[in-house]
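Enquirer: Residue numbers (my numbering): 2 to 424.
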Ligand code: SF4
Ligand code: SF4
């Protein structure tokens with residue numbers, strides 16, 4: 002942390018005392034969880050560097066962009082089309098909300114029985130702790146769950162918020178509604194930036210975001226190998242960083258990491274023994290610095306091989322066809338791509354059940370952990386069907402409900418028993 006950064010945060014109105022306390026907690030946790038791993042791929046050095054200065058380097062870039070007249074658009078969900086933001090020369094930045102640190106601040110306003118993700122993100126705003134939020138000209142929310150949409154109403158008292166209506170079904174009627182929302186979002190972004198979105202600009206932005214998706218797909222592909230060449234927590238970190246890092250730089254670094262991982266695979270080098278139990282995690286997203294479950298699993302000798310989650314496969318699974326065409330044609334293709342995300346907010350959501358089984362098979366998972374954030378009713382209720390579906394397919398499943406608090410001991414007991422059962 003440099004004096005320069007401190008001055009920048011102070012100028013942005015960050016509560017420096019609280020911010021220092023957050024950073025002082027993050028550093029040792031990162032050391033313990035990440036830097037203590039042995040035989041890590043060298044390519045992780047970039048991601049260590051980025052996290053090591055998590056509120057410095059990137060925030061400075063965003064400030065520089067704003068100084069040159071550009072806009073910054075903050076998002077909380079993988080439904081917000083980054084392509085549209087980038088096509089107007091604005092920078093999208095996915096906000097993290099994975100720490101218990103900001104939860105008590107939010108609980109002074111929001112009901113305690115709200116999911117930790119919502120409380121953590123709202124606490125960041127209330128506590129003046131997040132420089133990304135401060136650097137943003139617009140926050141884009143969505144109606145994916147009731148807690149979030151109400152939180153966005155309150156957040157809008159503090160800063161400009163636009164909420165996209167994500168439908169709850171995937172019928173033709175719902176798809177039309179969503180296409181309308183995507184068109185309206187284009188207008189909002191054009192108005193914010195003062196830049197008209199052109200067919201070329203949209204095609205270029207689509208290509209860049211697709212390239213990052215391809216790089217992340219390539220990373221996940223390497224995790225199908227036995228032994229697995231990268232730890233689950235490192236792979237999770239890469240996905241988490243991809244939400245806020247520069248798209249092109251991130252793509253390059255992920256590809257570089259993949260070169261190394263593919264070379265490890267060709268020599269049979271792994272991060273864990275080939276017979277380590279392989280676990281697929283499915284459920285709620287894990288925002289930085291939520292690494293708890295991966296850490297417990299991997300400390301117990303298991304390999305997390307895939308995340309069916311918005312900080313996993315749901316973030317990059319579908320590409321947008323790069324066929325060009327008019328702005329309208331492209332907006333339609335963008336809208337259709339996002340409707341392929343199998344968030345639990347949809348009903349029915351059978352595609353997600355099939356996806357989990359498909360992923361468990363492709364990644365040779367010995368078992369699935371369904372990860373649910375406490376008070377997330379959408380995922381908790383969908384877990385009933387997930388469990389039934391997996392049991393019918395003979396895939397062992399352990400549903401886990403937790404928050405950002407320290408319940409490591411309890412979780413560890415359940416996980417140890419599950420791993421023992423897997424043999
Ligand atoms: S789980 Fe649903 S609401 Fe949450 S980030 Fe993913 S798509 Fe958005
Ligand atoms: S984890 Fe569940 S309750 Fe929390 S924001 Fe996401 S969908 Fe909403």
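Yeah, the Cβ is synthetic: ideal placement off N, Cα and C, and Gly gets one too. Bear in mind that the values here come from a model prediction, so they are computed numbers and not experimental data.
Closest to residue 90 by CA distance: which of 194, 323, 382 is it?
Expert: Your numbering for residue 90 matches position 89 in the chain shown. Minimum Cα distance to residue 90 is reached at 194.
Enquirer: With a cut-off of 6 Å, give the chain-ordered residues whose Cβ is closer than this to any heavy atom of ligand 2.
Expert: 116, 118, 119, 145, 146, 148, 149, 285, 374, 377, 379, 380
Enquirer: Could you tell me the boundaries of the alpha helix (DSSP H) in which residue 44 lies?
Expert: Within the chain shown, residue 44 is the residue found at index 43, counting from 1. Where residue 44 is concerned, there is no enclosing alpha helix (DSSP H), given that its DSSP letter is neither H nor E.
Enquirer: Can you have a look at residue 50 and say buried or exposed, based on whether 16 or more other CB atoms are within 10 angstroms of its CB?
Expert: Sequence index remark: in the chain shown, residue 50 carries index 49 (1-based). Burial call: exposed.
Enquirer: Under the three-state reduction of DSSP, which class applies to residue 371: helix, strand or coil?
Expert: Here residue 371 is taken as the residue at index 370 of the chain shown, counted from 1. When secondary structure is reduced to three states using DSSP, residue 371 falls in the strand class.
Enquirer: Quick one: give me the first and last residue of the beta strand (DSSP E) that residue 148 is part of.
Expert: Counted from its first residue, the chain shown places residue 148 at position 147. Premise fails: residue 148 lies in the alpha helix (DSSP H), 147 to 156, not in any beta strand (DSSP E).
Enquirer: Starting from residue 132, trace the alpha helix (DSSP H) in both directions and tell me its first and last residue.
Expert: Within the chain shown, numbered from 1, the residue matching residue 132 stands at position 131. That run of the alpha helix (DSSP H) goes 132 to 136.
Enquirer: Tell me which same chain residues have a C-beta within less than 6 Å of the C-beta of residue 238, skipping the five on either side of it?
Expert: Your numbering for residue 238 matches position 237 in the chain shown. Cβ within range, chain order: 48.
Enquirer: Considering only their Cβ atoms, is the gap separating residue 167 from residue 335 smaller than 9 Å?
Expert: Taking the chain shown and counting its residues from 1, one reaches residue 335 at position 334. Taking the chain shown and counting its residues from 1, one reaches residue 167 at position 166. Contact: no.
Enquirer: Taking residue 263 as the reference, give the member of 30, 44, 354 with the closest Cα.
Expert: Reading the chain shown from its first residue, position 262 is the one you call residue 263. It is 44.
Enquirer: Check for me: the alpha helix (DSSP H) holding residue 139 runs from which residue to which?
Expert: Indexing the chain shown from 1 puts residue 139 at position 138. Here residue 139 belongs to no alpha helix (DSSP H); instead the beta strand (DSSP E) covers 139 to 143.
Enquirer: Any Cβ of chain B within less than 9 Å of the Cβ of residue 412?
Expert: Of the chains in the structure shown, none is chain B; there is only one protein chain.
Enquirer: Roughly how far, in whole angstroms, is the beta-carbon of residue 312 from the beta-carbon of residue 240, given that I think they are within contact range, below 8 Å?
Expert: Your numbering for residue 312 matches position 311 in the chain shown. Your numbering for residue 240 matches position 239 in the chain shown. Indeed they touch by this definition, with Cβ atoms about 5 Å apart.
Enquirer: Over the uninterrupted alpha helix (DSSP H) stretch that includes residue 385, give me the two end residues.
Expert: Position 384 of the chain shown holds residue 385. Taken as a continuous stretch (DSSP letters only), the alpha helix (DSSP H) holding residue 385 covers 378 to 393.
Enquirer: Going by alpha carbons, who is nearest to residue 235 out of 14, 21, 42?
Expert: In the chain shown, counting from the first residue as 1, residue 235 sits at position 234. Checked all of 14, 21, 42; the closest Cα to residue 235 is 42.
Enquirer: At 4 residues or longer, what runs of the alpha helix (DSSP H) sit wholly inside the stretch 254 to 327?
Expert: 293 to 300, 314 to 317
Enquirer: Verify the contact flag: residue 344, CB atom, against every heavy atom of ligand 1, threshold strictly below 8 Å.
Expert: Residue numbering aside, residue 344 sits at position 343 when the chain shown is read from its first letter. Yes, Cβ of residue 344 sits closer than 8 Å to a heavy atom of ligand 1.
Enquirer: Going by beta carbon distance, what residues of the same chain come within less than 6 Å of residue 6, once the five residues before and after it are set aside?
Expert: Mapped onto the chain shown, residue 6 falls at position 5. The answer, listed in chain order, is 57.
Enquirer: If I'm right that residue 102 touches residue 30 with Cβ under 8 Å, what's the distance once you round it to whole angstroms?
Expert: If you number the chain shown from 1, residue 102 lands on position 101. If you number the chain shown from 1, residue 30 lands on position 29. Contact doesn't hold; Cβ gap of about 11 Å is too wide.
Enquirer: Three-state secondary structure (DSSP) at residue 107?
Expert: By one-based count along the chain shown, residue 107 stands at place 106. Residue 107: helix per DSSP, three-state reduction.
Enquirer: State yes or no: is the C-beta of residue 311 nearer than 8 Å to some heavy atom of ligand 1?
Expert: Taking the chain shown and counting its residues from 1, one reaches residue 311 at position 310. Checking the Cβ of residue 311 against ligand 1 gives yes.
Enquirer: Short check: CB of residue 94 to CB of residue 73, under 9 Å?
Expert: Within the chain shown, residue 94 is the residue found at index 93, counting from 1. Within the chain shown, residue 73 is the residue found at index 72, counting from 1. For residue 94 and residue 73, yes; Cβs fall inside 9 Å.
Enquirer: Which residue marks the beginning of the beta strand (DSSP E) containing residue 163, and which one marks its end?
Expert: Residue 163 sits at position 162 when you count from the first residue of the chain shown. Residues 162 to 165.
Enquirer: How big is the Cα-Cα spacing for residue 244 and residue 96?
Expert: The sequence position of residue 244 within the chain shown is 243, counting from 1. The sequence position of residue 96 within the chain shown is 95, counting from 1. Roughly 7 Å between the two C-alpha positions.
Enquirer: For a quick check, are the C-beta atoms of residue 213 and residue 323 less than 9 Å apart?
Expert: Residue numbering aside, residue 213 sits at position 212 when the chain shown is read from its first letter. Residue numbering aside, residue 323 sits at position 322 when the chain shown is read from its first letter. One thing to note: residue 213 has its Cβ no nearer than 9 Å to the Cβ of residue 323.
Enquirer: Flag residue 77 as yes when its Cβ comes closer than 8 Å to any non-hydrogen atom of ligand 1, and as no otherwise.
Expert: Locating residue 77 in the chain shown gives position 76, where the first residue counts as 1. Under cutoff, so the answer is yes.
Enquirer: Going by DSSP in three states, residue 181 sits in which element: helix, strand or coil?
Expert: Position 180 of the chain shown, counted from the first residue, corresponds to residue 181. Reduced to three states, the DSSP call for residue 181 is helix.
Enquirer: Should the stretch 274 to 284 be regarded as contacting the stretch 367 to 377, the criterion being three or more beta carbon pairs within less than 8 Å?
Expert: yes
Enquirer: Assess contact between the stretch 414 to 424 and the stretch 294 to 313, defined as three or more Cβ pairs (one per stretch) separated by less than 8 Å. Is contact present?
Expert: yes
Enquirer: Check whether the stretch 353 to 367 touches the stretch 254 to 273, taking contact to mean three or more Cβ pairs, one atom from each stretch, closer than 8 Å.
Expert: no
Enquirer: On a Cα-Cα basis, can you pick out the residue from 197, 413, 52, 46 that is closest to residue 246?
Expert: Counting from one through the chain shown, the residue named residue 246 turns up at place 245. Here the closest residue by C-alpha is 52.
Enquirer: Report all residues from its chain with a CB closer than 7 Å to the CB of residue 394; omit the five preceding and five following residues, and keep chain order.
Expert: Locating residue 394 in the chain shown gives position 393, where the first residue counts as 1. Closer than 7 Å at Cβ, skipping near neighbours: 358.
Enquirer: So, is residue 46 buried or exposed, given that buried needs 16 or more other C-beta atoms within 10 angstroms?
Expert: To locate residue 46, count along the chain shown from 1; it is residue 45. So residue 46 ends up on the exposed side.
Enquirer: Quick one: residues in its chain with C-beta nearer than 6 Å to the C-beta of residue 153, no 5 flanking neighbours on either side, listed in chain order?
Expert: Residue numbering aside, residue 153 sits at position 152 when the chain shown is read from its first letter. Answer for residue 153: 142, 162, 164, listed in chain order.
Enquirer: Per DSSP, what kind of secondary structure is residue 410 in: helix, strand or coil?
Expert: Position 409 of the chain shown holds residue 410. Residue 410: helix per DSSP, three-state reduction.
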